[in-house]
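Colleague:
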Amino acid sequence: MSEQNPAAPSVEPLWPLWEVFVRASRGLSHVHAGSIHAPDAAMAVRNARDLYTRRNEGVSVWVVPSEAITTSDPDAKGAFFESAQGKNYRHATYYTQSEGVKHL
Amino acid sequence: MTDTRPDLRSVESTTETTDAQAQERFDALLEADERIEPRDWMPAKYRKTLVRQISQHAHSEIIGMQPEGNWITRAPSLKRKSILIAKVQDEAGHGLYLYSAAETLGTSREEMNEQLLSGKAKYSSIFNYPALTWADVGAIGWLVDGAAICNQVPLCRCSYGPYGRAMVRVCKEESFHQRQGWEILYALSNGTPEQKQMAQDAVNRTYGPALQMFGPPDDESPNSQQSMAWKIKRFSNDELRQRFVDMMVPQAEALGLTLPDPDLAWNEARGHYDYGQLDWAEFNAVIAGNGPCNVQRLAHRVKAHEDGAWVREAAAAYARKQSGADTALKHA
Numbered sequence: 009m010s011e012q013n014p015a016a017p018s019v020e021p022l023w024p025l026w027e028v029f030v031r032a033s034r035g036l037s038h039v040h041a042g043s044i045h046a047p048d049a050a051m052a053v054r055n056a057r058d059l060y061t062r063r064n065e066g067v068s069v070w071v072v073p074s075e076a077i078t079t080s081d082p083d084a085k086g087a088f089f090e091s092a093q094g095k096n097y098r099h100a101t102y103y104t105q106s107e108g109v110k111h112l
Numbered sequence: 023m024t025d026t027r028p029d030l031r032s033v034e035s036t037t038e039t040t041d042a043q044a045q046e047r048f049d050a051l052l053e054a055d056e057r058i059e060p061r062d063w064m065p066a067k068y069r070k071t072l073v074r075q076i077s078q079h080a081h082s083e084i085i086g087m088q089p090e091g092n093w094i095t096r097a098p099s100l101k102r103k104s105i106l107i108a109k110v111q112d113e114a115g116h117g118l119y120l121y122s123a124a125e126t127l128g129t130s131r132e133e134m135n136e137q138l139l140s141g142k143a144k145y146s147s148i149f150n151y152p153a154l155t156w157a158d159v160g161a162i163g164w165l166v167d168g169a170a171i172c173n174q175v176p177l178c179r180c181s182y183g184p185y186g187r188a189m190v191r192v193c194k195e196e197s198f199h200q201r202q203g204w205e206i207l208y209a210l211s212n213g214t215p216e217q218k219q220m221a222q223d224a225v226n227r228t229y230g231p232a233l234q235m236f237g238p239p240d241d242e243s244p245n246s247q248q249s250m251a252w253k254i255k256r257f258s259n260d261e262l263r264q265r266f267v268d269m270m271v272p273q274a275e276a277l278g279l280t281l282p283d284p285d286l287a288w289n290e291a292r293g294h295y296d297y298g299q300l301d302w303a304e305f306n307a308v309i310a311g312n313g314p315c316n317v318q319r320l321a322h323r324v325k326a327h328e329d330g331a332w333v334r335e336a337a338a339a340y341a342r343k344q345s346g347a348d349t350a351l352k353h354a
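Chains as they are written, first to last, in this note's numbering: chain A, 9 to 112; chain B, 23 to 354.
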């Protein structure tokens with residue numbers, strides 16, 4: 009588009025952002041589906057229903073204000089999660105003497 | 023680029039990372055075919071390229087509602103109306119998934135919306151063509167959505183996580199769009215001679231512009247190489263176009279319609295169909311704003327935004343009333 013439209017309306021600030029989590033069926037966890045803008049929680053749930061569950065994707069929807077989420081630092085990935093490394097004895101497969109013994 | 027998305031707070035980093043280390047980690051992730059996520063470090067140009075591509079894609083979905091939305095009241099049966107409403111609603115949804123993916127890169131929805139309404143941002147040139155007859159609704163579904171699927175399936179593996187995930191959702195819905203379009207054409211093609219002619223005319227009008235949806239030929243597409251290196255794009259424009267032509271020929275035969283290209287011929291040696299030159303002068307003219315409907319499409323979008331203002335205001339006022347304070351609207 010070479011010409012800009014001088015009559016374009018100003019775009020007012022949008023509503024707060026919410027993160028949407030959908031439970032695919034009973035017994036499963038809610039999984040992050042995307043995000044949505046809405047003026048309040050009730051409308052966020054309705055809009056999330058309309059947007060993310062049009063094809064039987066879910067039986068339950070959670071919305072969380074994006075601001076309320078605290079995350080680990082992605083730059084600290086190694087350091088933050090390394091305590092789990094080198095502890096193979098936490099895994100059942102570490103124990104090999106019991107191989108062939110039934111029901112163990 | 024304004025970073026207006028409420029940033030997810032994170033626990034304090036215990037390590038200092040240099041730019042060189044960050045770049046190294048970014049390169050390693052790409053090399054391992056892993057996804058880049060919103061909080062990862064990424065080159066400024068990678069971020070900018072993605073914002074441009076994703077927001078243009080979103081704008082195309084939003085503007086793309088118009089040619090078909092125009093036919094909802096005139097669809098030939100209640101069933102066809104219901105299907106068309108569902109399809110147009112999907113397109114609005116695709117726009118929203120994509121805007122939400124672009125927002126994770128730090129560009130606000132307001133900014134993207136402003137760029138669309140002011141005419142600063144581009145959208146797919148195909149939507150600047152009119153849908154003249156009911157058969158055009160079929161041709162749009164079959165050819166335009168078919169080309170879109172061809173483009174979008176590889177984007178499910180885009181290196182940027184939120185974009186790839188949005189595309190998975192979009193692609194699931196696009197198959198319905200293409201099939202309903204094919205069925206409209208099939209019904210017309212097996213109807214009266216006039217109906218068959220109407221279907222053929224629609225295909226004749228839409229086929230060329232649909233092939234242009236893949237973008238300019240590879241040797242004239244300067245950004246393609248970098249996008250492929252970043253694994254944003256997985257295949258070149260010409261590769262995807264060839265794949266599309268190869269898929270469309272047998273489908274046109276099944277419809278009993280012809281594709282408007284005298285040079286279209288099976289090439290035994292290549293194992294592909296050869297196809298003729300496309301009208302790139304027309305393509306460039308439409309992109310430059312001189313397509314048959316550019317002005318109309320944008321004016322309609324601006325009017326829809328203005329006419330919808332009261333809905334947004336009412337929803338905001340209701341939220342304020344419910345919360346008893348202005349806390350729910352701290353961004354307003």
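Even glycine gets a Cβ: it sits at the ideal position worked out from N, Cα and C. Since the structure is predicted, the reported quantities are computational estimates derived from the model, not experimental observations.
(1) Taking DSSP as the reference, what is the three-state secondary structure of residue 301(B)?
(2) Can you pull the DSSP bridge partners for residue 280(B)?
(3) Determine the chain A residues that contact residue 344(B) at a beta-carbon separation under 8 Å, and present them in chain order.
(4) Return the chain-ordered list of same chain residues with a C-beta closer than 7 Å to the C-beta of residue 343(B), the five sequence neighbours on each side being excluded.
(5) Can a CB atom of chain B be found closer than 8 Å to the CB of residue 38(A)?
(6) With DSSP as the reference, label residue 327(B) as helix, strand or coil.
(7) DSSP three-state call for residue 61(A): helix, strand or coil?
(8) Is there a C-beta anywhere in chain A that falls below 8 Å from the one on residue 115(B)?
(9) Using a Cβ-Cβ cut-off of 8 Å, state whether residue 201(B) counts as contacting chain A.
(10) Just the C-alpha distance for residue 106(A) and residue 93(A), rounded to the nearest angstrom, thanks.
(11) Considering residue 69(A), what are the terminal residues of the beta strand (DSSP E) in which it resides?
(12) Whole angstroms are fine: how far does the CA of residue 305(B) sit from the CA of residue 49(B)?
(13) Once you ignore the five residues that flank residue 186(B) on each side, which residues in its own chain have a CB closer than 8 Å to its CB?
(14) Please classify residue 149(B) as buried or exposed, where buried requires at least 16 neighbouring CB atoms within 10 angstroms.
(15) Quick check on residue 25(A): does DSSP put it in helix, strand or coil?
(16) Go ahead and pull the three-state DSSP assignment for residue 230(B).
(17) Between the segment 287-304 of chain B and the segment 106-121 of chain B, are three or more C-beta pairs nearer than 8 Å?
(18) Could you tell me which residues DSSP pairs with residue 111(A) in its beta bridges?
(19) State the DSSP-derived secondary structure class of residue 151(B), mapped to helix, strand or coil.
(20) Within the same chain, show all residues whose beta-carbon is closer than 6 Å to that of residue 72(A), passing over the 5 residues directly before and after it, in chain order.
(21) Of all the alpha helix (DSSP H) runs that stay within the bounds of the segment 63-146 of chain B, which reach a length of 4 or more residues?
(22) Using DSSP with H/G/I as helix, E/B as strand and the rest coil, what is residue 43(A)?
(23) Please decide whether residue 23(A) counts as near chain B, where near means a Cβ-Cβ distance under 8 Å.
(24) List the residues of chain B that residue 42(A) touches, going by C-beta distances under 9 Å, in chain order.
(25) Could you tell me the distance, in whole angstroms, from the CA atom of residue 311(B) to the CA atom of residue 54(A)?
(26) How far does the beta strand (DSSP E) with residue 287(B) in it reach, from first residue to last?
(27) Determine whether the beta carbon atoms of residue 51(A) and residue 341(B) lie at a separation below 8 Å.
(28) Keeping to the same chain, check which residues put their C-beta closer than 6 Å to that of residue 337(B); ignore five residues upstream and five downstream.
(29) For the alpha helix (DSSP H) containing residue 199(B), list its first residue and its last residue.
(30) Assign residue 41(B) to one of three DSSP states: helix, strand, or coil.
(31) Does residue 322(B) come out as helix, strand or coil in the three-state DSSP assignment?
(32) Name the two residues that bound the continuous beta strand (DSSP E) containing residue 158(B).
(33) Would you mind reading off the limits of the beta strand (DSSP E) that contains residue 22(B)?
(34) Distance, Cα to Cα, residue 103(A) vs residue 110(A)?
(35) Strictly below 8 Å CB to CB, what residues from chain A border residue 196(B)?
(36) Let me see if you follow: with CB-CB separation under 8 Å, is residue 326(B) close to chain A or not?
Modeller: Checking against the coordinates, here is how it stands:
(1) coil
(2) DSSP lists no partner for residue 280(B).
(3) 48, 50
(4) Closer than 7 Å at Cβ, skipping near neighbours: no residue.
(5) no
(6) Here DSSP, grouped into helix, strand and coil, assigns residue 327(B) to helix.
(7) Three-state result, residue 61(A): coil.
(8) yes
(9) no
(10) 24 Å
(11) 68-73 is the extent of the beta strand (DSSP E) around residue 69(A).
(12) 36 Å
(13) 57, 177, 178, 179, 180
(14) buried
(15) strand
(16) helix
(17) no
(18) In DSSP, residue 111(A) forms no bridge with anything.
(19) coil
(20) 27
(21) 66-85, 87-91, 100-125, 131-139
(22) strand
(23) yes
(24) 118, 119, 122, 123, 184, 187, 188, 191
(25) Between residue 311(B) and residue 54(A), the alpha-carbon positions lie close to 38 Å from each other.
(26) 287-289
(27) yes
(28) none
(29) 183-211
(30) helix
(31) Residue state for residue 322(B) is assigned as helix, using DSSP reduced to three classes.
(32) Taken as a continuous stretch (DSSP letters only), residue 158(B) belongs to no beta strand (DSSP E), being part of the alpha helix (DSSP H) at 156-161.
(33) Here chain B comprises residues numbered 23 to 354, so residue 22(B) is not present and cannot be evaluated.
(34) 14 Å
(35) Those do not exist, as residue 196(B) stays about 13 Å from chain A at its closest Cβ, beyond 8 Å.
(36) For residue 326(B), the answer is no, since every Cβ of chain A falls outside 8 Å of its Cβ.
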